[in-house]
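For any residue, its number in our numbering is found by taking its place in the sequence shown, counting from 1, and adding 2.
A virtual CB, placed ideally from N, CA and C, is assigned to each residue, including glycine.
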Amino acid sequence: MKRQAPAAARSELNLTDRIAEMLIEEITSGQYQLGEVLPPEQVIADRLGVSRTVLREAVSRLKADGIVTSKQGRGLTVMLNTRPSVLRMQAAEEGNVEQILRIVELRRGFEIEAAALAAQRRDRQDLDDMRAALDNMATALASGDVITGVDADLSFHRAIARATRNEHYLNFFDFLSVLLRRNLEVSRSRSAKTAGRGALAQSEHEALYEAIELGDSEQARQRARNHIENTETRLHTTSFLKR
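Here is the structure:
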């Protein structure tokens with residue numbers, strides 16, 4: 003049966019990601035059966051219009067996910083024809099507001115409820131950790147130290163996730179923070195000279211801390227929502243982000 007080339011991949015992904023996604027789409031859409039051998043690498047590379055180097059890097063990702071394996075004398079063999087259950091997400095590309103905002107939207111649902119749970123379950127150590135992170139953020143803001151400020155920001159939100167006493171919140175935050183870090187560093191570096199934005203974010207963090215310290219879950223939920231929605235607004239209006 004002649005294999006049909008998949009639809010064009012999303013333009014925001016880099017070339018290797020696009021090719022990997024194309025191959026995954028082919029394999030999981032029913033074009034291949036378990037145990038079936040893929041065409042030779044050169045044939046696939048020619049069909050997709052890429053070099054063998056790019057193809058091999060894309061294939062390595064499929065191997066890491068257990069979708070294909072190399073069998074001596076047979077070539078690439080399909081080991082899984084459904085998408086892996088492991089959560090994988092792409093970090094947003096620099097300057098791509100739509101990608102960054104999708105991550106912020108994910109934060110909205112996650113961090114609002116985390117804040118409410120943290121208000122109910124936090125202990126003195128949690129509050130001390132949040133306070134230390136806020137103080138570090140204030141120092142970094144005053145000195146213009148973007149990297150330290152991002153580290154402190156993530157530490158603050160991680161302390162909230164830990165205060166939920168639900169390991170899944172903490173594990174998901176650790177996963178999400180990998181995507182957030184690069185976006186925070188880029189956006190803050192580019193908007194560092196925009197008057198008042200850092201101070202506004204800092205005041206929102208302080209307000210959220212106060213609600214959690216008081217043990218007021220509804221107020222914590224509302225202040226977390228306010229912070230995330232204001233973050234979205236700031237991203238929309240940062241001059242380097244192009245729509």
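Give the DSSP bridge partners of residue i, in chain order.
{"i": "L78", "result": "S72"}
{"i": "V39", "result": "T79"}
Which value, in whole angstroms, describes the spacing of the CA atoms of residue i and residue j?
{"i": "A209", "j": "R85", "result": "42 angstroms"}
{"i": "Q44", "j": "V56", "result": "11 angstroms"}
{"i": "E1", "j": "D125", "result": "Since the first residue of the chain shown is 3 and the last is 245, residue 1 is not available in this structure."}
{"i": "A262", "j": "D137", "result": "Since the first and last residues shown for the chain are 3 and 245, residue 262 lies out of range."}
{"i": "Q74", "j": "N83", "result": "21 angstroms"}
{"i": "R133", "j": "Y171", "result": "20 angstroms"}
{"i": "Q127", "j": "H207", "result": "18 angstroms"}
{"i": "A222", "j": "T166", "result": "12 angstroms"}
{"i": "L50", "j": "R160", "result": "42 angstroms"}
{"i": "F175", "j": "A163", "result": "7 angstroms"}
{"i": "E220", "j": "V80", "result": "50 angstroms"}
{"i": "N168", "j": "A66", "result": "29 angstroms"}
{"i": "P42", "j": "V52", "result": "14 angstroms"}
{"i": "Q122", "j": "I102", "result": "30 angstroms"}
{"i": "A47", "j": "Q224", "result": "51 angstroms"}
For residue i and residue j, which I take to be in contact (beta-carbon distance under 8 angstroms), what is that distance rounded to the nearest angstrom?
{"i": "A120", "j": "Q204", "result": "About 19 angstroms separates the two Cβ atoms, so there is no contact after all."}
{"i": "A135", "j": "A118", "result": "That pair is no contact at about 19 angstroms."}
Compare the C-beta of residue i with all C-beta atoms of chain D and state if any pair is closer than 9 angstroms.
{"i": "H229", "result": "Among the protein chains of the structure shown there is no chain D, as only one such chain exists."}
> At a cut of 8 angstroms, does the segment 102 to 115 reach the segment 169 to 185 through at least three beta carbon pairs?
Replying inline: The segment 169 to 185 and the segment 102 to 115 touch, with three or more beta-carbon pairs separated by less than 8 angstroms.
> Can you list the alpha helix (DSSP H) stretches of 4 or more residues lying completely in the segment 142 to 181, in chain order?
Replying inline: Runs of the alpha helix (DSSP H) inside the segment 142 to 181: 148 to 165.
> What alpha helix (DSSP H) runs, 4 residues minimum, are completely inside the segment 202 to 245?
Replying inline: Fully enclosed alpha helix (DSSP H) runs of 4 or longer: 219 to 239.
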